[in-house]
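Notes for the one structure printed next.
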Amino acid sequence: MGCCWSSSGDDDDVVERLRDGGFLLLEDEKITAAARRQLREIDDVVGYLQRARRLLEEKKNSEMQPPKAAFVVDTYFPPRIEALGEAELRGRTAFVLVAGGLGERLGYSDVKLSLECETLTNQSFLKWYSKFITGPLAIMTSDDTHARTRDLVRRLGMRATLLKQKKVAAFKENAALAVDENGSLITKPHGHGDVHALLHASGLAKRWARTKRWVVFFQDTNAPIMLALRGCLGVSVEKNLDLNFIAIPRTKGREVGALARVGDRVVNVEYNQISEEKDGILSPFPGNSNCQILKLSSYVEALESCKGLVPEFVNPKKNKDGTMKPARLECMMQDIARLVNNGSFTLCPSWYYSPVKNNLETARKLESRGLPPSSAASGELDLYAAHAHVMRSMGCDVEDGAKIIGLAKFEDPTNVKISSRSALIVEGQVTIHSLTLDGALKLVGPLIVKNFAETNDSVSLEPIEDDRIRGFRIKYHHLTTLTAPNRSYNKPRIIDI
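Going left to right, the sequence shown walks through residues 1 to 497 as full-length UniProt numbering numbers them.
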């Protein structure tokens, strides 16, 4: 059966260009008016398919070399680096959150940003992130997540610019448009690299650059990475980096994006592009946490040169009969590195990386193979452990198993002792001179704590057999709370026993 297009004005020009380019090899398909309407929604479909054809025909053989870090963090950042980052966070930094889809893979029906990142305080991922966001925020959404993300932002009383991405057309062999049995175009997500096109087209990045110096890109369910933000921003300042990946050590074969030097740039490469045996030995190619810091002036310059379109790639797959499944061009947020000159990375300890992306069943299978489970359960426990690691690196005595959320300022860390069964919650500006804790304690600033000791029944993990997401909850047996009276006056209360 031949192609059946309804005809009208400008649509005919697009159709003719598609025919001339060989992009309408659809002799056996019935194309309806619905497909024509879809074409109107796709930006520059001819140019898109031309890029698809080129990538299908070309195979790049760029040689990858292990990269050299701009800075390596053994335990925690030096105070001078932290101070540099702290200064830049105060009014000089913008933030971009590339929100993923729904939490269906986790057994969660809502947007992943609304999922609790921990159950000690039951705060969502977005609530947790809001504590570190000190400047304007943009969130990239999709048709599936836009309305619910908007509602979540409003409930939390936050301010954010929501940028919704569109889908792109799928294609078959020779980049011919793919349609379904009803004659409608098959469309697919283009990838989180669309965030750069949206920031460029909206003019938001350029507006930010007038008053801000840096922009931080991060993804939706890796809570511990926020604890490294201040230090890594300090590295960007000290090394004058245009781009700074926050990286973690990576064992060979681990299924996490890696960093490599290609030519004169440090770029992200997918783990399946690196030929190395899965022997558990540390790889010379570090892991990419999907959090990166860019100098805004350099970023805007890169956006102007590429019009927001970062390098794309195609990953065609075959049906059992050898024909190509409908494919799409994809792009990744981190590939902006291919367009920025002075890029590098900060190698941080692995405790800063614990994404939540698997349900309990998948997590158990990964754990049985000695791999990180990347579940809601592991993400929560790793967030507590990350706080403990940071406090230990400062000189505090924190036993394994302590559950800690929020960091205080420590006048003398050697006078802080926290037992393994303890739970510590820190909210607001809290300074601790000395503390001995063997129980559950909540500190709400502004607060100064001196010579304080607390012992109580604390908390415990209570298994929940029918919980598909986490498998447990925190059960409180006792909680002592110290808070400042008349907090609206912002006068620190001193607890001194």
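C-beta atoms are modelled at their ideal positions from N, C-alpha and C, and glycine is treated no differently.
Enclosing beta strand (DSSP E) for residue i [first to last residue]
{"i": "Gly85", "result": "Here Gly85 belongs to no beta strand (DSSP E); instead the alpha helix (DSSP H) covers 79-89."}
{"i": "Phe217", "result": "214-219"}
{"i": "Gly287", "result": "287-295"}
Of the listed residues the options, nearest to residue i (C-alpha basis)
{"i": "Glu399", "options": "Ser419, Ser393, Leu443, Ser297", "result": "Ser419"}
{"i": "Gly322", "options": "Glu173, Glu16, Ala138, Glu462", "result": "Glu173"}
{"i": "Lys131", "options": "Ala376, Pro224, Leu18", "result": "Pro224"}
{"i": "Val256", "options": "Pro372, Gly101, Ser378", "result": "Pro372"}
{"i": "Ile336", "options": "Leu347, Glu304, Ala327, Lys325", "result": "Glu304"}
{"i": "Val269", "options": "Arg17, Arg473, Gln38, Pro67", "result": "Pro67"}
{"i": "Thr119", "options": "Pro485, Thr480, Leu479, Ile474", "result": "Ile474"}
{"i": "Leu229", "options": "Glu367, Ser374, Thr93, Thr483", "result": "Thr93"}
{"i": "Cys232", "options": "Leu163, Gly85, Leu309, Met324", "result": "Gly85"}
{"i": "Cys291", "options": "Val216, Tyr384, Ala176", "result": "Val216"}
{"i": "Pro300", "options": "Met324, Ala87, Ala201", "result": "According to the sequence displayed, residue 300 carries Val and not Pro. The candidate whose alpha carbon is nearest that of Val300 is Ala201."}
{"i": "Arg392", "options": "Tyr76, Gly47, Val46, Gly203", "result": "Tyr76"}
{"i": "Glu367", "options": "Ser422, Arg254, Arg265", "result": "Arg254"}
{"i": "Thr346", "options": "Val235, Leu339, Phe95", "result": "Val235"}
{"i": "Glu219", "options": "Tyr129, Gln273, Asp397, Val153", "result": "Note on residue identity: the sequence assigns Gln, not Glu, to residue 219. It is Tyr129."}
{"i": "Asp151", "options": "Leu177, Leu126, Lys166, Gly263", "result": "Leu126"}
{"i": "Ala176", "options": "His196, Cys306, Gly47, Pro463", "result": "Gly47"}
{"i": "Pro311", "options": "Met332, Trp208, Ala453", "result": "Met332"}
{"i": "Ile81", "options": "Ala160, Val237, Asp110", "result": "Val237"}
{"i": "Gln38", "options": "Ala197, Arg159, Asp44, Leu185", "result": "Leu185"}
{"i": "Leu227", "options": "Pro349, Arg470, Glu465", "result": "Pro349"}
{"i": "Leu447", "options": "Ala160, Asn182, Lys409, Thr221", "result": "Lys409"}
{"i": "Val340", "options": "Met64, Leu383, Leu296", "result": "Leu296"}
{"i": "Asp382", "options": "Leu49, Asp412, Arg90, Thr221", "result": "Thr221"}
{"i": "Leu360", "options": "Leu162, Ile464, Arg210", "result": "Ile464"}
{"i": "Pro485", "options": "Ala69, Leu443, Ile469", "result": "Leu443"}
{"i": "Trp208", "options": "Gly135, Glu181, Ile248, Asn182", "result": "Gly135"}
{"i": "Asn315", "options": "Ala170, Arg470, Ala363, Leu204", "result": "Ala170"}
Inter-residue CB distance, residue i and residue j (contact presumed, cutoff 8 Å)
{"i": "Gly406", "j": "Tyr353", "result": "Not confirmed; about 20 Å, so no contact."}
{"i": "Asp74", "j": "Leu102", "result": "Contact flag wrong, Cβ pair sits at about 39 Å."}
{"i": "Ala258", "j": "Ser283", "result": "7 Å"}
{"i": "Gly445", "j": "Gly428", "result": "3 Å"}
{"i": "Asp457", "j": "His477", "result": "4 Å"}
{"i": "residue 499", "j": "Phe245", "result": "Past the boundaries of the shown model lies residue 499; the chain is included only from 1 to 497, so the question cannot be answered."}
{"i": "Leu18", "j": "Val168", "result": "Wrong, their Cβ atoms sit about 15 Å apart, outside the cutoff."}
{"i": "Ala99", "j": "Ile139", "result": "5 Å"}
{"i": "Asp242", "j": "Asn342", "result": "4 Å"}
{"i": "Leu437", "j": "Ser422", "result": "5 Å"}
{"i": "Thr480", "j": "Glu462", "result": "The Cβ separation is near 20 Å, so there is no contact."}
{"i": "Lys112", "j": "Ser142", "result": "That belief does not hold up - the Cβ atoms of Lys112 and Ser142 are roughly 12 Å apart, past 8 Å."}
{"i": "Ser124", "j": "Leu115", "result": "6 Å"}
{"i": "Ala70", "j": "Ser344", "result": "4 Å"}
Counterpart residues of residue i in DSSP-defined beta bridges
{"i": "Asp65", "result": "First, the residue type needs correcting, since residue 65 is Gln and not Asp in the sequence shown. According to DSSP, which records beta bridges pairwise, Gln65 is partnered with Arg261."}
{"i": "Ala324", "result": "Note on identity: in this sequence residue 324 is Met, with Ala being the wrong assignment. In DSSP, Met324 forms a bridge with Lys318."}
{"i": "Ser375", "result": "Asn358"}
{"i": "Pro189", "result": "Lys167"}
{"i": "Ile139", "result": "Leu97, Leu162"}
{"i": "Thr481", "result": "Lys442"}
{"i": "Ile246", "result": "Thr346"}
{"i": "Leu435", "result": "Val416, Phe452"}
{"i": "Leu282", "result": "Thr251"}
{"i": "Leu177", "result": "Phe171"}
{"i": "Leu106", "result": "Paired residue(s): none; Leu106 is not in a bridge."}
{"i": "Glu16", "result": "According to DSSP, which records beta bridges pairwise, Glu16 is partnered with nothing at all."}
{"i": "Val266", "result": "Arg261"}
{"i": "Val72", "result": "Leu347"}
{"i": "Val111", "result": "Leu102"}
{"i": "Val430", "result": "Leu447"}
{"i": "Glu116", "result": "Ser124"}
{"i": "Glu312", "result": "Cys331"}
Residue i: first and last residue of the uninterrupted alpha helix (DSSP H) it sits in
{"i": "Val153", "result": "146-155"}
{"i": "Lys127", "result": "125-130"}
{"i": "Val195", "result": "194-201"}
{"i": "Glu238", "result": "229-239"}
{"i": "Leu204", "result": "204-209"}
Any non-hydrogen atom of the ligand FMN closer than 8 Å to residue i Cβ
{"i": "Met324", "result": "This structure lacks the ligand FMN; in fact it carries no ligand of any kind."}
Practice problem: Just list the beta strand (DSSP E) runs in the stretch 440-475, keeping only unbroken ones of 3 residues or longer that don't cross its boundaries, in chain order. | Solution: 440-444, 447-450, 452-455, 459-463
Quiz item: Of all the beta strand (DSSP E) runs that stay within the bounds of the stretch 328-358, which reach a length of 3 or more residues?
Solution: Listed in chain order, they are 329-331, 343-347.
Exercise. Entirely within the stretch 386-427 and at least 3 residues each: give me those beta strand (DSSP E) ranges in chain order.
Key: If we require 3 residues or more, the beta strand (DSSP E) runs fully inside the stretch 386-427 come out as 403-405, 416-418, 423-427.
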